[in-house]
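Peer 1: For the sequence shown, position 178 matches number 162 in my numbering, and the numbering has no gaps at all.
Cβ coordinates follow ideal geometry from the N, Cα and C atoms, glycine included.
Since this is a predicted model, take the numbers as computed values, not measurements.
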Amino acid sequence: YQFFITYDKNIPILEAVFNCLELFLTIIAFIISCLTTRYSEFEVLGTECEAKCPMNDFNIFSKIFIFWMKTILKQGYKSTADLAQYLLPICDYMKSLHAFNAFESANRKYNSNKLKPKTEITLFPLLVWTAWTPYLFGSLMELIHVCVDLSQPFILSKLIDFVSDTEHLWHGLCYAVAYSLINLISQLLECHSNLFINMAYYRTSSALISALYQKMLRLSQLGPSSLTLLAVMLIVGPFTTFVMTRIDTLQTKQMQLKDKRMEQISEVLSNIKLLKLFGWEKPFIDRISETRRQELHTLKLKNYFWSCIDVLWIVVPFIIAGITFTIFIYTSGQPFTAKTAFVSLSVYISLKAPMGS
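1. Can you tell me which of the three DSSP states S316 falls into?
2. By DSSP, does P73 sit in helix, in strand, or in coil?
3. Alpha carbon to alpha carbon, how far is F14 from F8?
4. How long is the line joining the alpha carbons of L173 and S46, rounded to whole angstroms?
5. Which value, in whole angstroms, describes the spacing of the CA atoms of N95 and T106?
6. Using the C-alpha atoms, what's the distance from L81 back to G60?
7. Once the 5 residues before and after A191 are set aside, which same chain residues still bring their CB inside 6 Å of it?
8. If we call anything under 8 Å between Cβ atoms a contact, is S309 one with F320?
9. For W264, which three-state DSSP category applies?
10. Let me know if M125 comes out buried or exposed under the rule of 16 or more other beta-carbons within 10 Å of its beta-carbon.
11. Going by alpha carbons, who is nearest to R271 out of Q248, V300, G263?
12. Can you say whether S273 is buried or exposed, counting buried as having 16 or more other CB atoms within 10 angstroms of its CB?
13. Residues in the same chain with beta-carbon distance under 8 Å from I313, minus the five sequence neighbours each way, listed in chain order, please.
14. Would you identify the three-state DSSP class for K79, choosing helix, strand or coil?
15. Relative to the C-alpha of L134, which candidate in L153, E151, I169 has its C-alpha closest?
16. Please report the straight-line C-alpha distance between I144 and W154, rounded to a whole angstrom.
17. Indicate whether the contact test is met: 3 or more Cβ pairs, each with one atom in the region 282 to 291 and one in the region 222 to 239, closer than 8 Å.
18. Run the CB neighbour count on F2, radius 10 Å, all protein chains shown included, and call it buried at 16 or more, exposed below.
19. Can you tell me whether D149 is helix, strand or coil according to DSSP?
20. Judging by CA-CA distance, which residue of Q171, A322, Q278, V216 is the nearest neighbour of K244?
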């Protein structure tokens, strides 16, 4: 490339052109390789297409600029329908099973020799091992984000000096481009820092909750009578599913009626002169009122179903506790102590939120 810099005639022109063409094509090939994905864009007819994980299967530009959100944003802008079908699946790394397996492997590594009585089990290294990768990346990005933010006042001062002084135009253009790029990089770093920190939080939370539930199930105070919880859940679960399905259906119907009412109001406002001229106010008002009445009726039914769900999950823990305690008293032959009652009640109340969701 020395030919184009020094215009050295000893270098063959054809060789210089080919070298520059090779560099140009290499850069294009690199950009195209960054745009590729790890999966095929084609689908086999007759087979169900698997959803792709944004953290593993999308290209690097989609990961950096979060382009994998465009489908959800586009569908949310176009319609107010349920967006659950457009949500991407949870990556394997973020699943509760993966986090708990990492927690268990760390527990076997750090606490394998601490099974003697009166020996403390160390929890902090287990949590660090479970989510150290997202914590590390999130912390590094937050550090870089702070450094980039501190450079913004320096570029801004240079830009103000350029406006007041008589410098070359390209200096001001460079300052403006640098300031814009710093703002863009700062926002991207902050976004990815929050993403990785939230990933670490959810992995840690999933591992701790799984470990606590496993410990509670092993240290049951009621023995086989605690299986009453499973029996009640088999009865309550289908009912809850039916009610939630009805709530989703009513929510969709309510949004459709709301859109219909807004279209009718827009139609009336855009043709208000004709309505006043021919005296058509009453029919159009009746039509809008009827749509509003249907919308309120749907909203009322939805609130009734939500009330049923709320009352159900307030009462269910006490019903389970009453049935379980009764079976325990008549079948176990053991004394029913205050410790057994209060520990079991606290476990049932703590399980209320996970069972409800």
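Peer 2: The short version:
1. coil
2. coil
3. Going from the Cα of F14 to the Cα of F8 covers about 10 Å.
4. C-alpha of L173 to C-alpha of S46: approximately 15 Å in a straight line.
5. 7 Å
6. 31 Å
7. A83, F84, F87, T114
8. Here residue 309 turns out to be Phe, not Ser, going by the sequence shown. The answer is yes: Cβ separation under 8 Å.
9. In this structure, DSSP gives W264 a state outside helix and strand, which the three-state scheme calls coil.
10. buried
11. Q248
12. Classification of S273: exposed, given that the 10 Å Cβ count is below 16.
13. Shown here for I313: same chain residues with a beta carbon closer than 8 Å to its own, the five before and five after excluded, namely F320 in chain order.
14. coil
15. I169
16. Annotation: I144 to W154 spans about 14 Å, alpha carbon to alpha carbon.
17. Cβ pair count under 8 Å is three or more, so yes.
18. exposed
19. coil
20. Looking at the Cα atoms, Q278 is the closest of the given residues.
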